[in-house]
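First to last, the sequence lines map onto chains R and C. If you count by full-length UniProt numbering, then the first sequence holds residues 1 to 136, one letter each, in order. If you count by full-length UniProt numbering, then the second sequence holds residues 1 to 136, one letter each, in order. Beta carbons: idealized from backbone N, C-alpha and C, even for Gly. The model shown is predicted, which means the values in this text are computed figures rather than measured ones. Since the structure comes first, as structure tokens, the remarks are kept for the end.
Number of protein chains: 2
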Amino acid sequence: MERVPILKIGDILLVSIQVDMSDQTAVALQEDLAERIVATGCHGVIIDITALDIVDSFVGRMLSTIASISRVLDAETVVVGMRPAVAITLVELGLSLNGIRTALNVERGMELIAADRDQEYDEFDHSSDAEPTASP
Amino acid sequence: MERVPILKIGDILLVSIQVDMSDQTAVALQEDLAERIVATGCHGVIIDITALDIVDSFVGRMLSTIASISRVLDAETVVVGMRPAVAITLVELGLSLNGIRTALNVERGMELIAADRDQEYDEFDHSSDAEPTASP
Numbered sequence: 001m002e003r004v005p006i007l008k009i010g011d012i013l014l015v016s017i018q019v020d021m022s023d024q025t026a027v028a029l030q031e032d033l034a035e036r037i038v039a040t041g042c043h044g045v046i047i048d049i050t051a052l053d054i055v056d057s058f059v060g061r062m063l064s065t066i067a068s069i070s071r072v073l074d075a076e077t078v079v080v081g082m083r084p085a086v087a088i089t090l091v092e093l094g095l096s097l098n099g100i101r102t103a104l105n106v107e108r109g110m111e112l113i114a115a116d117r118d119q120e121y122d123e124f125d126h127s128s129d130a131e132p133t134a135s136p
Numbered sequence: 001m002e003r004v005p006i007l008k009i010g011d012i013l014l015v016s017i018q019v020d021m022s023d024q025t026a027v028a029l030q031e032d033l034a035e036r037i038v039a040t041g042c043h044g045v046i047i048d049i050t051a052l053d054i055v056d057s058f059v060g061r062m063l064s065t066i067a068s069i070s071r072v073l074d075a076e077t078v079v080v081g082m083r084p085a086v087a088i089t090l091v092e093l094g095l096s097l098n099g100i101r102t103a104l105n106v107e108r109g110m111e112l113i114a115a116d117r118d119q120e121y122d123e124f125d126h127s128s129d130a131e132p133t134a135s136p
């Protein structure tokens with residue numbers, strides 16, 4: 001079985017999906033990624049899908065699951081590198097990738113995660129300074 | 001034909017090889033990479049081979065060619081993520097990956113390229129200050 005490599009770059013784990021995902025590969029990727037998030041304490045996961053010609057409901061569900069797993073482990077997931085044709089097909093298929101954030105490329109994905117992180121710290125600072133407010 | 005995606009991260013182009021390389025894929029990767037180096041002006045190329053179970057003479061030659069092409073385009077190439085078993089097999093096969101620099105992982109590869117860059121600038125500064133010396 002092929003395993004999708006996970007690369008650590010600073011505070012981010014980068015996954016570039018290039019092979020056709022089977023059930024097994026998808027489950028292995030989810031497990032590996034969860035383990036790496038816990039082991040490294042990374043706060044961002046970037047999934048690059050430049051190499052994918054099509055994102056069907058199976059891949060869409062896999063991306064959603066990865067995003068959900070990462071979220072409970074305190075990491076943001078951003079999907080990057082989607083081809084124009086893939087975006088068109090996704091919408092035509094009625095798949096909207098709910099709960100998945102996207103960015104144009106890896107660099108923008110990194111900026112997005114960094115900006116989110118800053119905002120969270122700001123909110124944390126404010127909430128510890130002032131009286132407790134309803135969380136957003 | 002599958003194309004290996006090339007990801008730009010700052011001053012570096014990152015290539016993660018996950019598929020079996022055919023002649024065609026290898027040539028396409030070399031062309032794509034050369035074009036991207038020129039288009040982006042990046043000074044480093046990192047090739048991740050975490051996913052490769054074996055590096056044979058064909059892949060070894062491809063890595064050498066990529067390194068040579070990058071060099072004439074003023075970019076350093078570093079191969080990262082080699083598995084222990086791959087390193088052992090390489091040596092047993094008598095392939096020493098001449099002219100290819102390696103690092104343990106992407107982060108160390110990035111540090112290596114950054115350090116090289118700094119050194120080059122330093123040398124440039126010195127050579128313009130003092131009288132010309134034999135180049136190293």
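C-beta contact flag for residue i and residue j at 8 Å
i: Ala76(C); j: Asp116(C); result: Residue identity check: residue 76(C) is Glu in the sequence provided, not Ala. In this structure, Asp116(C) lies closer than 8 Å to Glu76(C) by Cβ.
i: Ala34(C); j: Leu73(C); result: yes
i: Val80(R); j: Asn105(R); result: yes
i: His43(C); j: Asp23(C); result: no
Among the options, nearest to residue i - alpha-carbon criterion
i: Thr50(R); options: Ser16(C), Ala34(C), Ile69(C); result: Ser16(C)
i: Leu13(C); options: Ala34(C), Val38(C), Ile88(C), Val45(C); result: Val45(C)
i: Pro84(R); options: Ile69(R), Leu73(R), Leu52(R), Asp20(R); result: Leu52(R)
i: Arg71(C); options: Leu104(C), Ile54(C), Ile113(C), Val55(C); result: Ile113(C)
i: residue 154(R); options: Tyr121(R), Ala67(R), Gly60(R); result: There is no way to answer for residue 154(R), as the model of chain R reaches only from 1 to 136.
Same chain only: Cβ atoms within 8 Å of residue i, ignoring 5 sequence neighbours per side
i: Ala32(R); result: Note that residue 32(R) corresponds to Asp in the displayed sequence, not to Ala. The answer, listed in chain order, is Arg3, Val4, Ile6.
i: Met62(C); result: Met21, Ala26, Leu29, Gln30
i: Leu93(R); result: Asp56, Ser57
i: Ser68(C); result: Gly99
i: Thr40(C); result: Lys8, Leu13
i: residue 172(C); result: Nothing about residue 172(C) can be read from this structure; chain C reaches only from 1 to 136.
Same chain, Cβ closer than 7 Å to residue i, five either side skipped, listed in chain order
i: Ile54(R); result: Val86, Thr89
i: Gly65(R); result: A small fix is needed here, since residue 65(R) is Thr in this sequence, not Gly. Excluding sequence neighbours, Thr65(R) sits near Gln30.
i: Gly109(C); result: Ile46, Val78, Val80, Ala103
i: Met82(C); result: Ile49, Thr102
Nearest-angstrom beta carbon gap, residue j and residue i [assumed within contact, 8 Å]
i: Ile37(C); j: Glu107(R); result: That pair is no contact at about 16 Å.
i: Gln18(R); j: Gln119(C); result: Incorrect: roughly 34 Å between the Cβ atoms, too far for contact.
Contacts around residue i, its chain only, beta-carbon distance under 6 Å, and the 5 residues preceding and following it disregarded
i: Arg101(R); result: Val78
i: Glu111(R); result: none
| field | Contact list for the segment 32 to 58 of chain C against chain R, Cβ threshold 8 Å | value | Asp48, Thr50, Ala51
| query | At a Cβ cut of 9 Å, what residues of the segment 81 to 99 of chain R count as close to chain C, listed as they run along the chain? | reply | Gly81
| task | Could you please tell me which residues of the segment 104 to 129 of chain R, in chain order, have their CB closer than 9 Å to any CB of chain C? | result | Asn105, Val106, Glu107, Met110
| query | Relative to chain R, which residues along the segment 9 to 33 of chain C have a C-beta separation below 8 Å, given in chain order? | reply | Ile9, Gly10, Leu14, Ser16, Gln18, Val19
| In the segment 58 to 73 of chain C, which residues sit with their C-beta less than 9 Å from some C-beta in chain R, listed in chain order? | none
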